[in-house]
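One structure below.
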Amino acid sequence: AVDPTLAGRRVLVTAGATREALDPVRFLSNRSTGKMGYALAREAARRGAQVVLVAGPGNLPDPEGVEVVHVESARDMHAAVLARAGWLDVAIGAAAVADYRPAVFQPHKIKKGEDRLVLELVRNPDILADLGRQKRPGQVLVGFAAETADLAEYARRKLEEKNLDLIVANDVTQPDAGFAVDTNRAVLVHRDGRQEDLPLMSKDALAAAILDRVAALLGRRDPE
Ligand code: PMT
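Add 233 to the 1-based position in the sequence shown for this note's numbering, that's all there is to it.
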């Protein structure tokens, strides 16, 4: 059903993995499938929001009623998101963005040669941190934190570093949570220090829980 707080709001969601090319046929990537981000985009659209989904490569169908921007690398995703920084009321970063990319892109396929090959990597821009730096009053920024230990602690640090309003921490070492599966188990860490430990649920249900918190954050502010 339409959500009175989210209806007409401009929501941007990132989803999936990025690919960082080494040469024309090879890339570095990770295990994200986009399921979590697509669930968020579908749920936001169902609630009446105007939704843009910026998605890395994957097999999921474009959700109905959602503008999907397909990207490949972290730098492509960064450009697509930052171009909409002034447009969006809400940004939710569910994508697993590569922190590093190969320092050099080899224009021809790398040939087999020596026994050892050393790869040099350089840092990618941080999409949410850049949104956080230019956040305007009323904008709501939500991040995810994919962790393998000390979930809430690392999540809180990311929330502060990126100037977020809410962060969703998931333990990606659990077989029924995190990457690729249809379920997730999350700890929500709020800016005011509140922490909610949510039970195991479907990614659709977690998307609804996150959007309930987003609606509460938007509702506290004066509508434009
Ligand atoms: O796609 P699925 O298969 O459904 O898997 C879901 C998921 C495990 C990918 C998802 O639930 C999740 O945890 N997404 C965030 C993964 C991640 O890369 O987390 P991080 O802790 O490295 O990054 C923290 C936050 O900063 C994230 O919101 C991320 O989108 C954002 N970020 C990270 C790096 C970067 N260069 N720019 C960013 O905006």
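We put the beta carbon where it would ideally sit given N, CA and C, even for glycine. Given the structure is predicted, the values throughout are model-derived calculations rather than measurements.
Length of the line joining the Cα atoms of residue i and residue j
i	j	result
proline 456	threonine 406	Residue confidence for proline 456 is low, a pLDDT of 47 falling below 50, so the modelled location carries little weight; the figure read from the coordinates is stated next. One C-alpha to the other measures close to 40 Å.
alanine 328	alanine 278	18 Å
valine 299	isoleucine 443	18 Å
glycine 371	arginine 349	52 Å
aspartate 256	glutamine 339	5 Å
histidine 303	proline 290	7 Å
valine 337	alanine 254	9 Å
aspartate 332	threonine 238	34 Å
glycine 426	aspartate 359	23 Å
arginine 424	lysine 391	11 Å
asparagine 417	methionine 434	6 Å
alanine 449	arginine 308	32 Å
alanine 362	alanine 419	21 Å
asparagine 403	alanine 388	9 Å
Cβ-heavy atom distance, residue i to the ligand PMT, below 8 Å
i	result
phenylalanine 260	no
valine 330	yes
asparagine 357	yes
asparagine 403	yes
leucine 361	yes
serine 265	yes
glycine 319	no
Residue i - containing beta strand (DSSP E), residue span
i	result
alanine 413	Unbroken run through alanine 413: none, as it is neither H nor E.
arginine 446	Where arginine 446 is concerned, there is no enclosing beta strand (DSSP E), although the alpha helix (DSSP H) it sits in stretches over 436 to 452.
threonine 247	243 to 248
glutamate 347	Counting along the chain, glutamate 347 falls outside any beta strand (DSSP E), and DSSP gives it neither H nor E.
leucine 421	419 to 423
alanine 254	253 to 256
glutamate 261	The question names glutamate, yet the displayed sequence has leucine at residue 261. From DSSP, the beta strand (DSSP E) with leucine 261 extends over 259 to 261.
Residue i CB to nearest heavy atom of the ligand GTP below 8 Å
i	result
methionine 434	With respect to the ligand GTP, the structure shown offers nothing to examine, as its ligands consist of the ligand PMT.
Ordered list of beta strand (DSSP E) runs contained in the region 271 to 344, each at least 3 residues = 283 to 288, 299 to 303, 323 to 326, 333 to 335
Whole beta strand (DSSP E) runs in the region 352 to 402 with 3 or more residues, listed along the chain?
-> Complete beta strand (DSSP E) runs here, min 3: 354 to 356, 373 to 380.
Taking contact to mean at least 3 C-beta pairs separated by less than 8 Å, is the region 310 to 330 in contact with the region 243 to 250?
-> yes
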